[in-house]
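See below for the structure under consideration.
Numbering (mature numbering (1 follows the signal peptide of the UniProt record, and there is no 0)), first residue to last: -18 to -1, 1 to 570.
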């Protein structure tokens, strides 16, 4: 019932979480495959997709020329079966390839290959700050038009090396006569790159040819200036990791597949009998040569779900957790709502338009091959992965993505809030003990308040500690900050810090889970002025600058600790370290 109530409020757009810490405002939801309300929501989505494919509602793409697979992955599912929901459609016009589509059906995944290539670097332990010339000294040529010695592996992986997107591939020799007809100058064949030209009998580029081509290619931008999408960058990264490990790219892919359980992830060509092959011209069965690292892998919904499951769980088969977290972070901007990582593309939509609750951002990788389009997305705030693979009409993917995400996020958000309320809300009490604490009585109340948990009350020996903190802030901050703090109305929202410590309490194993409370402090002076630009900078979140800022006797006053049973995960108590109360027992 609570979930339905929360969904109703979310649909009304009433739960707005403004200034808050990056990351999940409440713990990531669990056991989604067993959640009847969520599965009913997803079943409704399946019926809507059925209606679109049957022509009962407008799909927005060619329903006669599309096959696709959709999978939703949860971090807490077993590694052997990480999917919580899937949907597949095979176009009846597909005469080649598989006749029955499922999670093991193979697609070309295009530039999702880039993320998997970067995973090989992550696993290898290679130093991302090394210049590419350390591994490819042929590029250290003083006559080169590009300053290769200034280009690191990280800049290549993050698409900020400023190098050309392609070599040879961007030339379309079959259009030569048409170019000339349109008035372009007449060229001899020697004017074209020595390899890789589309429809020219030069063959794909080998390593030596490609490196020679890089020496005569004009840079697009200075390194670290702006993102410039490059397939070549990942071919160079593949060369570097091959040299670093002494293994071929194919060998490294096989090792990754064995480590993570990805039996169908391999360089093209794939298995024709499992393939989703559209009826229109396509690249299925192509040999991508050295370009495979940037866009030539084949995979499945099952494999990519297992891959994202490993990332979300910071699998040791990938690297250590800190390096994985850093690998997922943005490094530069791509536009108003986009950021670029190494190599993840990170999208943060306007929360007021669709996701006014706890949604933060999506880290995703897109891939395009000839009449194939794909996307994997990590929704880290929810511990979810979304995979969409399509064959046929390439306009279908963003429409399908929007349909899934707009249906999924409100339902997942409501599930997360419901689970957090059930697990953490309640009263926490410590009564005086004649032996150990003769003069101590402490109480705390935590409730779900809109889009997050809130510390509603905290008292020690009858004194209102939250009122006391409000008072202390007045005298410990600058007058400007104190005035801004007063505008937060003493609301103490609490957020998980994602720091855990195992221990023992009264003879049983427990896990202590750190949380922090913040005030939603925004730059909002409200000053009356006739000067231009009034209000432009207002609304900037300032709370992050005051985390762990105020201490009392060596203990931060914004830290509280939930104590959870080490076996069941049930919250059994609460510690408020700066009050020295010990564990407050949860009363329900």
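No residue lacks a Cβ here, since even glycine has one placed at the ideal position from N, Cα and C.
- Note on residue 290: 16 or more other CB atoms within 10 angstroms of its CB, so buried under the neighbour-count rule.
- For residue 199 against residue 143, the beta-carbon gap comes to about 12 angstroms, at or over 8 angstroms, which does not count as contact.
- Residue 19 and residue 26 have their C-alpha atoms some 11 angstroms from each other.
- Taking C-beta atoms as the reference points, residue 371 and residue 91 count as a pair closer than 8 angstroms.
- By the C-beta criterion, the segment 218 to 238 is judged not to be in contact with the segment 163 to 170, since fewer than 3 inter-stretch pairs fall below 8 angstroms.
- Contact annotation: the segment 476 to 483 touches the segment 492 to 502, with at least three C-beta pairs closer than 8 angstroms.
- A direct Cα-to-Cα measurement between residue 115 and residue 274 gives close to 21 angstroms.
- Looking at the DSSP output, residue 430 bridges to 435.
- Ranked by Cα distance from residue 536, the options 233, 562, 544, 203 are led by 562.
- With a threshold of 16 other beta carbon atoms within 10 Å, residue 250 meets it and is buried.
- Non-local beta-carbon contacts of residue 567 in its own chain, meaning distances under 8 angstroms to residues more than five positions away in sequence, involve 410, 411, 412, 554, 555 in chain order.
- The closest CA to that of residue 437, considering only 267, 73, 473, 94, is found on 473.
- Cβ contact annotation for residue 58 (same chain, cutoff 6 angstroms, sequence separation greater than five): 12, in chain order.
- Short of 8 angstroms from the beta carbon of residue 402, and not among the five residues preceding or following it, lie these beta carbons of its own chain, in chain order: 8, 9, 430, 435.
- In terms of Cα proximity to residue 282, the closest of 268, 247, 262 is 247.
- Per DSSP, reduced to three states, the secondary structure at residue 102 is helical.
- For the set 178, 45, 69, the Cα lying nearest the Cα of residue 369 is the one of 69.
- Contact between the segment 208 to 228 and the segment 101 to 110 is present: three or more C-beta pairs spanning the two stretches fall below 8 angstroms.
- DSSP, read as helix, strand or coil, puts residue 23 in helix.
- Look at residue 226 here: in three-state DSSP terms it is helix.
- Shown here, residue 547 sits in a strand according to DSSP, grouped into three states.
- Inclusion of residue 365 and residue 359 in the CB contact set at 8 angstroms is not warranted, their separation being larger than that value.
- For residue 306, the closest C-alpha among the options 156, 23, 477, 107 is that of 107.
- When the alpha-carbon of residue 352 is set against those of 127, 44, 277, the nearest one is in 277.
- For the pair residue 253 and residue 323, the Cα-to-Cα distance works out to about 32 angstroms.
- Of the candidates 79, 377, 73, 227, the residue whose Cα lies closest to the Cα of residue 117 is 227.
- The DSSP-derived three-state label of residue 46 is coil.
- Taking 4 residues as the minimum length, the alpha helix (DSSP H) runs contained wholly in the segment 262 to 324 are 274 to 277, 283 to 294, 303 to 309, in order along the chain.
- Comparing C-alpha distances from residue 217 to each of 204, 203, 205, 187 shows the shortest one belongs to 187.
- Inter-residue distance for residue 5 and residue 500 is about 13 angstroms (C-alpha atoms, whole angstroms).
- With respect to residue 153, residue 179 sits close: the two C-beta atoms are nearer than 8 angstroms.
- The DSSP assignment places 135 to 139 as complete runs of the alpha helix (DSSP H) inside the segment 104 to 153, in order along the chain (cut-off: 4 residues).
- Counting every other CB atom within 10 Å of its CB across the protein chains shown gives residue 294 a total of 16 or more, marking it as buried.
- For the pair of segments examined, the segment 37 to 52 was found to touch the segment 377 to 397: the number of CB pairs separated by less than 8 angstroms reaches three.
- Around the beta carbon of residue 61, fewer than 16 other beta carbons sit within 10 angstroms, so the residue counts as exposed.
- Secondary structure note for residue 458: its alpha helix (DSSP H) is the uninterrupted segment 447 to 458.
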